[in-house]
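Trainee: Quick one: the structure is below, questions incoming.
Numbering (my numbering), first residue to last: 207 to 639.
Following this line, the structure appears as structure tokens:
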């Protein structure tokens with residue numbers, strides 16, 4: 207009798223998993239069939255969609271095969287269903303986060319929203335102002351640091367202070383003529399009680415120096431009606447004429463101008479090759495002849511070639527020559543005469559390249575070249591390697607010639623159009639912040 211009850215008791219337990227397993231197997235068969243059918247219709251997309259149901263069914267079958275105290279609760283797939291909306295919610299949240307990240311660059315360029323300056327923009331600003339300030343460090347230590355030590359923090363302005371200021375300016379290659387004018391103007395302002403203390407005198411000095419440079423702030427403007435617009439580069443040996451030509455060619459190209467170079471320095475052995483290297487780098491044609499050829503002949507051919515090809519700008523190199531050698535200066539005059547046989551308005555710019563490190567000798571160079579070939583603009587190179595950058599004030603005061611470019615480094619972008627305000631602020635470490 208007890209055996210009868212035992213059999214009765216065991217039969218429901220044995221029957222229940224069997225009953226439960228049957229529909230699960232049917233469900234598995236249906237799911238696999240549906241997945242196979244979908245895979246035949248749309249191979250890639252449908253197979254991806256069918257992976258989730260099949261894996262859930264296999265998991266349920268494995269759990270059902272294990273002996274558990276309460277098979278109904280364990281085998282029921284109801285608790286697995288909430289995972290699908292949770293996954294969808296996670297996907298939606300991820301999509302929102304991705305959209306937010308994608309929208310961030312648009313906020314950076316919004317002019318109405320104040321945002322941190324990107325690193326690239328900071329680098330560009332440093333390239334424009336910061337590198338110039340760094341390049342002028344030697345001139346700063348010789349000129350502006352001495353001025354700040356002399357003036358800042360002192361209270362009374364007296365004759366001794368003005369004499370020390372005059373000495374400091376002259377020793378920094380600002381020049382006697384420029385220094386005399388600056389001291390006279392400051393002395394008058396002190397007499398009118400405009401300047402109460404040495405700090406005010408320091409600020410007034412910066413203003414006077416900046417005003418003195420303003421007359422030379424005339425950027426080079428290419429006249430598009432002149433084709434080619436001929437730029438004749440002149441200067442003594444070793445000032446960086448050929449390198450300046452290569453940098454200018456690259457900058458003009460970046461502005462959409464077609465450029466041709468003329469290797470008029472036929473005396474220096476490596477000059478032609480050096481210019482040809484710049485031409486190859488920038489994909490610029492170079493008109494050249496052999497070393498020792500007549501420079502005027504080379505430039506004549508170059509003007510003809512540039513005219514026939516419709517080139518926008520022709521930059522002509524010339525041999526470096528000392529300003530005190532009359533025969534060499536006469537040869538340069540011949541070059542100008544030959545150019546005018548093709549175009550009586552050429553050269554349209556005679557750019558004198560000066561090494562800032564020559565100091566007051568740059569004054570004598572400018573005088574001689576101005577008399578011989580009529581210099582129309584200056585380029586001051588190697589400012590980063592000298593403490594004599596104060597010569598720019600002397601040049602501005604004595605000649606009033608436009609300073610077209612200044613060089614504060616070896617990179618192409620280190621040759622910058624001259625701006626009096628930027629130069630003064632960089633020299634005295636005055637930032638926009």
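Backbone N, C-alpha and C fix where the C-beta goes; we use that ideal spot for every residue, glycine too. Since we're looking at a predicted model, the values are computed, not measured.
Between the stretch 434-443 and the stretch 396-410, can you find at least three pairs of beta-carbon atoms closer than 8 Å?
Mentor: no
Trainee: Report the three-state DSSP secondary structure of residue 421 (helix, strand or coil).
Mentor: coil
Trainee: Buried or exposed for residue 632, please, with buried defined as at least 16 other CB atoms from any protein chain shown within 10 angstroms of its CB.
Mentor: Looking at its Cβ environment, which holds 16 or more other Cβ atoms inside 10 Å, residue 632 is buried.
Trainee: Going by CA-CA distance only, name the one from 637, 482, 604 and 539 that's closest to residue 566.
Mentor: 604
Trainee: Does DSSP classify residue 318 as helix, strand or coil?
Mentor: Since pLDDT at residue 318 reaches only 36, below the 50 mark, its modelled position is unreliable, and no value is offered.
Trainee: Would you list the one or two residues that DSSP bridges to residue 465?
Mentor: 519
Trainee: Is residue 636 buried or exposed, if buried means 16 or more other CB atoms sit within 10 Å of its CB?
Mentor: Under this definition residue 636 is an exposed residue.
Trainee: Could you spell out where the beta strand (DSSP E) holding residue 630 opens and where it closes?
Mentor: Element bounds for residue 630: not the beta strand (DSSP E) but the alpha helix (DSSP H), 626-633.
Trainee: Just to confirm the assignment, what range does the alpha helix (DSSP H) spanning residue 543 have?
Mentor: 532-548
Trainee: Sort 620, 525 and 389 by Cα distance to residue 340 and report the nearest one.
Mentor: 620
Trainee: CA-CA distance, residue 392 and residue 613?
Mentor: If you take the alpha carbons of residue 392 and residue 613, they lie about 31 Å apart.
Trainee: Three or more C-beta pairs under 8 Å: does that hold for the stretch 587-595 against the stretch 540-549?
Mentor: Counting Cβ pairs under 8 Å, fewer than three are found: no touch.
Trainee: Roughly how many angstroms lie between the CA atoms of residue 626 and residue 598, to the nearest whole one?
Mentor: 10 Å
Trainee: If you drop the 5 nearest sequence neighbours on each side, which residues of the same chain put their C-beta closer than 7 Å to that of residue 385?
Mentor: 372, 375 and 376
Trainee: Mind the definition here: the stretch 485-505 touches the stretch 533-542 only if three or more C-beta pairs lie below 8 Å; say whether that holds.
Mentor: yes
Trainee: I'd like to know if the stretch 360-370 and the stretch 410-419 are in contact, where contact means that at least 3 CB-CB pairs between them fall below 8 Å.
Mentor: The way I'd put it, the stretch 360-370 doesn't touch the stretch 410-419; fewer than three beta-carbon pairs between them come closer than 8 Å.
Trainee: Use the C-beta contact count for residue 578: other C-beta atoms within 10 angstroms, 16 or more gives buried, fewer gives exposed.
Mentor: buried
Trainee: Which residues share a DSSP beta bridge with residue 585?
Mentor: 559 and 611
Trainee: Note down the Cα distance separating residue 387 from residue 572, rounded to an integer number of angstroms.
Mentor: 21 Å
Trainee: Any beta carbon from chain B within less than 7 Å of residue 463's own beta carbon?
Mentor: In the structure shown, chain B does not exist; there is a single protein chain.
Trainee: Run through the DSSP bridge pairs and tell me what residue 621 is partnered with.
Mentor: Per DSSP, the beta-bridge partners of residue 621 are 613.
Trainee: Exposed or buried, which one is residue 570 when buried takes at least 16 other CB atoms within 10 Å?
Mentor: Classification of residue 570: exposed, given that the 10 Å Cβ count is below 16.
Trainee: Along the chain, where does the beta strand (DSSP E) containing residue 438 start, and where does it finish?
Mentor: 435-440
Trainee: Per DSSP, which one or two residues make a beta bridge with residue 493?
Mentor: 468
Trainee: Pick out whichever of 352, 477, 425 and 402 has its Cα sitting closest to the Cα of residue 623.
Mentor: 425
Trainee: Rounded C-beta distance between residue 465 and residue 490? I'm assuming under 8 Å.
Mentor: Between residue 490 and residue 465 the Cβ distance is about 5 Å, and since that is below 8 Å, they are a contact.
Trainee: If you follow the alpha helix (DSSP H) that residue 370 is part of, which residue opens it and which one closes it?
Mentor: Membership of residue 370 in the alpha helix (DSSP H) is indicated by the continuous run 365-377.
Trainee: Can you round the beta-carbon distance between residue 422 and residue 608 to whole angstroms, since I take them to be within the 8 Å contact cut?
Mentor: 6 Å
Trainee: Please return the same chain residues whose Cβ sits closer than 6 Å to the Cβ of residue 485, not counting the five positions on each side in sequence.
Mentor: Shown here for residue 485: same chain residues with a beta carbon closer than 6 Å to its own, the five before and five after excluded, namely 467 and 492 in chain order.
Trainee: With a floor of 4 residues, list each alpha helix (DSSP H) that falls wholly inside the stretch 379-410, ordered by position along the chain.
Mentor: 382-397
Trainee: Could you check how far apart the C-beta atoms of residue 658 and residue 563 are, in whole angstroms? I think they sit under 8 Å.
Mentor: Residue 658 is absent from the model: the chain starts at 207 and stops at 639.
Trainee: Do residue 349 and residue 378 have their beta-carbon atoms positioned less than 7 Å apart in this structure?
Mentor: yes
Trainee: With distances taken from CA atoms, which of 449, 402, 568 and 405 is nearest residue 521?
Mentor: 449
Trainee: Looking at residue 470 and residue 523, is the spacing between their C-beta atoms short of 7 Å?
Mentor: yes
Trainee: Could you compute how far the alpha carbon of residue 512 sits from the alpha carbon of residue 630?
Mentor: Approximately 39 Å, taken between the alpha carbons.
Trainee: List the whole-angstrom C-beta distance separating residue 427 from residue 559, where the pair is believed to meet the contact cut-off of C-beta under 8 Å.
Mentor: Contact flag wrong, Cβ pair sits at about 19 Å.
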